[in-house]
Structure formats: structure tokens, C-alpha cells
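In our numbering, the protein residues as written are 4 to 76.
So the structure is just underneath, and the comments pick up after that.
As C-alpha cells, this is what we get:
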């Protein structure tokens, strides 16, 4: 029984570490300067997106693709 509890504790610690790392990465990303042109397709990033997310480096279409690839492997 103790082995199961230890495994659960390790899993929980890992989840917390990953969450904290994601929050930190997101915070850093929000502080970065965005671009006028998408780094993936070279098309202009719409003004509305740049106002909503000043750190945007991809257009909405390319960002959607990147996130779909990342989370749906």
C-alpha cells in the first residue's frame, strides 16, 4: 500500500511541477514583444490580435495549428 501512496505522491508532485512550469512560461511569453508578421506564414498579424495579445508571434490560424499539433498527438 505504501508503494501506491508513494507513486501517487510522485505523480502529484510532477503534475504540480508541470503546472508551475507552464504558468512561468506563459508569464514570460506575455512579457515578450510580438511581431507584425507571423513567424510561421509571413502574413500580417491582424491589429485586433496584436492588441489582444501584444506578444503574439503567429497569426490566429498558425497558432491554432501549432496548439492542435501540440495537444492532439
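Glycine residues also receive a C-beta, built at the ideal position from the N, C-alpha and C atoms.
Query: Terminal residues of the alpha helix (DSSP H) in which residue 53 lies; Result: 50 to 55
Query: Residues bridged to residue 40 (per DSSP); Result: 47
Query: Three or more C-beta pairs below 8 angstroms linking the stretch 35 to 44 and the stretch 52 to 67; Result: yes
Query: Where the alpha helix (DSSP H) through residue 16 begins and ends; Result: 5 to 34
Query: Candidates 32, 65 and 21, of which the one nearest residue 77 by Cα; Result: As displayed, the chain neither begins before 4 nor continues past 76, which places residue 77 out of reach and without an answer.
Query: Local Cβ density within 10 Å of residue 44, reported as buried at 16 or more and exposed below that; Result: exposed
Query: Check: residue 65 C-beta below 7 angstroms from any heavy atom of the ligand NAD; Result: In terms of ligand content, the structure shown is empty, and the ligand NAD therefore cannot be addressed.
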